[in-house]
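Chains as they are written, first to last, in the numbering used here: chain G, 15 to 318; chain Y, 15 to 370.
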Amino acid sequence: MFSTLGIHQRKLLLVFGLALAGLVGSLIMGDAKPWAEIDWLDVLGEGGAALALAVWMLLILGSRPAGRVTDLLTLGMGFMFLAMWQDNLDEFIHLPAEQFWDQWLESGAMPVGIVLLTYGLVHWHQEQLSINQQLRKREQRFREHRFIDKLTQLGRVDYLKAQLQAVMAQLPTRNMVLLMVDVDNFADVNRRYGHQEGDTLLYELSELMLLNLRQDDLICRYAADRFAVVLPDTGLAQGRTLAIELTQAVQHFAYKHKTRGDTLYQTISIGLADWQGETTEALVQRANQALFLAKSSGGLGEVA
Amino acid sequence: MTTPSWYECDERIFAAHYQPALLIDLLRSGGLCSHKILRGTGLFYDDILQGQVMMSATQAGLLVSNASKLGKDPGLSFRWGASCWPGHYDSASSLLGNAGSLREALSALVHYRRILSPWATPFVVTDERYCYVHWLTLGHMGERRFLIEAAMSALTSFSRWMSGERLPWRYGFSDSRPDYEEQYQVNFGSQLWFDLGVDVMVIERHWLDRPWPRGSATAYQVAQRQCESGLANLPASSLPEQVYRLLLERVQEPLTLPDMAGRLAMSPATLKRKLGKHGCHFQQLQDQARLHMSLYLLHVCGWNNEQVAAHLNFNDSTNFRRAFKRWVGITPSDSRSRFSLFDIHPDTVLPELVGL
Numbered sequence: 015m016f017s018t019l020g021i022h023q024r025k026l027l028l029v030f031g032l033a034l035a036g037l038v039g040s041l042i043m044g045d046a047k048p049w050a051e052i053d054w055l056d057v058l059g060e061g062g063a064a065l066a067l068a069v070w071m072l073l074i075l076g077s078r079p080a081g082r083v084t085d086l087l088t089l090g091m092g093f094m095f096l097a098m099w100q101d102n103l104d105e106f107i108h109l110p111a112e113q114f115w116d117q118w119l120e121s122g123a124m125p126v127g128i129v130l131l132t133y134g135l136v137h138w139h140q141e142q143l144s145i146n147q148q149l150r151k152r153e154q155r156f157r158e159h160r161f162i163d164k165l166t167q168l169g170r171v172d173y174l175k176a177q178l179q180a181v182m183a184q185l186p187t188r189n190m191v192l193l194m195v196d197v198d199n200f201a202d203v204n205r206r207y208g209h210q211e212g213d214t215l216l217y218e219l220s221e222l223m224l225l226n227l228r229q230d231d232l233i234c235r236y237a238a239d240r241f242a243v244v245l246p247d248t249g250l251a252q253g254r255t256l257a258i259e260l261t262q263a264v265q266h267f268a269y270k271h272k273t274r275g276d277t278l279y280q281t282i283s284i285g286l287a288d289w290q291g292e293t294t295e296a297l298v299q300r301a302n303q304a305l306f307l308a309k310s311s312g313g314l315g316e317v318a
Numbered sequence: 015m016t017t018p019s020w021y022e023c024d025e026r027i028f029a030a031h032y033q034p035a036l037l038i039d040l041l042r043s044g045g046l047c048s049h050k051i052l053r054g055t056g057l058f059y060d061d062i063l064q065g066q067v068m069m070s071a072t073q074a075g076l077l078v079s080n081a082s083k084l085g086k087d088p089g090l091s092f093r094w095g096a097s098c099w100p101g102h103y104d105s106a107s108s109l110l111g112n113a114g115s116l117r118e119a120l121s122a123l124v125h126y127r128r129i130l131s132p133w134a135t136p137f138v139v140t141d142e143r144y145c146y147v148h149w150l151t152l153g154h155m156g157e158r159r160f161l162i163e164a165a166m167s168a169l170t171s172f173s174r175w176m177s178g179e180r181l182p183w184r185y186g187f188s189d190s191r192p193d194y195e196e197q198y199q200v201n202f203g204s205q206l207w208f209d210l211g212v213d214v215m216v217i218e219r220h221w222l223d224r225p226w227p228r229g230s231a232t233a234y235q236v237a238q239r240q241c242e243s244g245l246a247n248l249p250a251s252s253l254p255e256q257v258y259r260l261l262l263e264r265v266q267e268p269l270t271l272p273d274m275a276g277r278l279a280m281s282p283a284t285l286k287r288k289l290g291k292h293g294c295h296f297q298q299l300q301d302q303a304r305l306h307m308s309l310y311l312l313h314v315c316g317w318n319n320e321q322v323a324a325h326l327n328f329n330d331s332t333n334f335r336r337a338f339k340r341w342v343g344i345t346p347s348d349s350r351s352r353f354s355l356f357d358i359h360p361d362t363v364l365p366e367l368v369g370l
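And the structure:
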């Protein structure tokens, strides 16, 4: 999880170095308070806040690549942490009144931290908008990391069902078409070339299909080598066109074996069902039946 | 009986570099470390790579339990199963891989089940119209459902590969409909029946003898000879399976625990202890045998409750109905109406049980 912490070494050194300097400085120049004078409620409140800020900072660093937004967020949190930390040290150590640096660190670091964090969040928002654009065909309406398939990075069947429900709830009068896409004889690829090769091929096929979809379409991995494509705002005729385009794209995809270099061609069968106001389960079932038809007759299947 | 015709759960008789290695590879390619996968088994991945390590039934069971917990992927059992056959298990694999028809393949599976299918035992029964492959998991061999999925996926995928077409199997499961039903749909198709009380694959009988293009009669015969000389002396079934088979043979006049112990040349206490080590009770095996026979009589032979009750030596049909409900969760008549597939053959004569 924290494998990305390594690239942020310098920021971490700065924040924790300053915290350590504050501690050493206070110890040299101040005197420890007697136990009776310590307000434990303050210690708990301020210490807890400092600890939480440090944890948040580490979580952000541990989950983000290096970059401007990361720097801003970390420094913002880091300065806020420093302010709380120094505040907390005051509970244990009594500093003479002429030591101004302690006051500055306590009161100055907090506003600086808040400004940096706010500025960072604004940029993070813009960054997120552009990432959403990149992820658009994988996640249309909401994000749920537990529903993501590890191999293809597409949503799994639970995600598909939630998305279908979201589309149905939003505009009940709207046209929608669901495609079930199945790779023909994919089991043979696994048998001939092994699971690893099969997995790579499946991943590349999913990328290829993503490229052939529109901005508002959504593709999910249903199970094994079957994919589901949601085409919102789409009529039957247009759904057919898109399905044929997908079929052709896959047909012309010259996948290269990763070690041997030979080309493996694949074909897909597609079952098509347009939404007629039924439940998610019924729609998925109808699309699966259509796929079964397509498999037995070849090409594109439909169940009215 | 000089040498026992069964094996016990602590005997190291399964090659770790056969099916277990395939499962480990799948998990490793998903990013799991072998140390976690083998936790509790006392085995190390480096040793397995040497190709000499043998596992006991208990160790194999632990591996499967670890896999089903760690994998967090409902497709894992299906993927593992699909990669198992014909496999690379010496003469047993060359026998299976050269089968010229479904009948030959099933015969290889049944005879060399200890090597080809150590986790789930296939029982093959045919009547006039259908062939039934009944999968049985007895004792602690890991997660039951995971193993059934793997075994059925193995036969589905293998028969498709060998025949060059998707065979029209129908599937019955003792478990109820899972949350991840899409895995069943994609791997098995749409002919699925749940809560059946038995795990069974059904196919029309004429598929048994349709020639398989990938088979080779000569190679099959050679492999058969090799198997006979190399493997025939090894016990084919586990102790619980042996007990189950004897119970099934004598289902009309049930054997008691002391009777059974006598037939197996051990004391009742020893039999009980040994079954316990496999994670089984005598009574549970007894129930299974009677349940499977009554399902067969009800659904395949089309008998009514009274006939089945009389055949299985119940006092009356009420007692039978009660027992059946305890075993499956539904009454015999519910079972009959829910699984109309299996009522296609209403025949009051008991068809001959043909073991392959």
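Glycine included, each C-beta is placed from N, C-alpha and C at the ideal position.
- The C-beta of Y/Gly-65 has fewer than 16 other C-beta atoms within 10 Å across all chains shown, which makes the residue exposed.
- The C-alpha of Y/Trp-20 is placed about 49 Å away from the C-alpha of G/Thr-277.
- CA-CA distance, Y/Ala-71 to Y/Ala-29, rounds to 11 Å.
- A check of alpha carbon separations from G/His-266 across G/Gln-280, G/Ile-258 and G/Thr-273 identifies G/Gln-280 as the nearest.
- Chain Y places a beta carbon closer than 7 Å to that of G/Tyr-236, counting this residue as a contact.
- When beta bridges are read from the DSSP output, Y/Met-69 appears opposite Y/Phe-28.
- In terms of CA proximity to Y/Ala-122, Y/Ala-237 leads the group Y/Ala-237, Y/Leu-311 and Y/Pro-272.
- By the criterion of a C-beta distance shorter than 7 Å, G/Glu-218 is surrounded in its chain by Tyr-269, once the five residues flanking it on both sides are discounted.
- When C-beta atoms of the stretch 209-227 of chain Y are compared with those of the stretch 112-132 of chain Y, three or more pairs fall below 8 Å, so the two segments count as touching.
- Each residue's CA atom was taken as its position, placing Y/Phe-92 and Y/Gly-153 some 21 Å apart.
- Under a criterion of Cβ atoms nearer than 8 Å, the residues of chain Y adjacent to G/His-209 are, in order, Asp-39, Leu-40, Ser-43, Arg-93 and Ser-97.
- In terms of Cβ geometry, Y/Arg-174 and Y/Val-216 do not form a close pair [threshold 7 Å].
- Pairwise C-beta distances place the stretch 304-324 of chain Y out of contact with the stretch 280-293 of chain Y, as fewer than three of them are shorter than 8 Å.
- Within chain G, no C-beta atom comes less than 8 Å from the C-beta of Y/Asn-327; the nearest is roughly 44 Å away.
- For Y/Val-200, a Cβ of chain G is located within less than 7 Å of the residue's own Cβ.
- With a cutoff of 7 Å on beta-carbon distance, G/Leu-119 and G/Gly-44 are scored as not near each other.
- Annotated three-state conformation of G/Ile-21 is helix, per DSSP.
- Listed in chain order, the beta strand (DSSP E) runs fully inside the stretch 170-200 of chain G are 190-197, counting runs of at least 3 residues.
- When secondary structure is reduced to three states using DSSP, Y/Pro-282 falls in the helix class.
- At a cut-off of 7 Å between beta carbons, Y/Gln-33 makes no contact with chain G.
- Secondary structure remark: continuous alpha helix (DSSP H) runs of at least 4 residues inside the stretch 90-169 of chain G, in chain order: 114-149.
- The beta carbons of Y/Leu-210 and Y/Gly-186 sit closer together than 7 Å.
- By alpha-carbon distance to G/Gly-62, the top candidate from G/Gln-177, G/Leu-250 and G/Ala-97 is G/Ala-97.
- Residue contact with chain G for Y/Glu-196: present (Cβ-Cβ distance below 7 Å to some residue of chain G).
- Using a Cβ-Cβ cut-off of 7 Å, Y/Ser-171 counts as an interface residue toward chain G, since at least one Cβ of chain G sits closer than that to its own.
- A straight-line Cα-Cα distance of about 13 Å links Y/Gln-205 and Y/Arg-352.
- For the stretch 210-257 of chain Y, the continuous alpha helix (DSSP H) assignments of 4+ residues that do not extend past its boundaries occur at 231-245, in sequence order.
- In this structure, Y/Cys-98 is the residue among Y/Phe-334, Y/Cys-98 and Y/Arg-26 with its C-alpha nearest to the C-alpha of G/Gly-208.
- G/Met-194 sits close to G/Gly-285, with the two beta carbons spaced by under 7 Å.
- Taking C-beta atoms under 8 Å as the contact rule, Y/Leu-269 and Y/Leu-260 qualify, at a distance of about 7 Å.
- Only those residues of the stretch 257-272 of chain G whose C-beta falls short of 9 Å from the nearest C-beta of chain Y would be listed, and there are none.
- DSSP, reduced to helix, strand and coil, places G/Gly-39 within a helical segment of the structure shown.
- A residue is called buried when at least 16 other Cβ atoms come within 10 angstroms of its Cβ; G/Ile-145 does not meet this threshold and is exposed.
- Look at G/Leu-222 here: in three-state DSSP terms it is helix.
- Leaving aside the five residues that flank Y/Asn-112 on each side, the residues in its chain whose CB is nearer than 7 Å to its CB run, in chain order, Gly-229, Ser-230, Ala-233, Tyr-234 and Ala-237.
- The stretch 90-105 of chain G and the stretch 27-45 of chain G touch, with three or more beta-carbon pairs separated by less than 8 Å.
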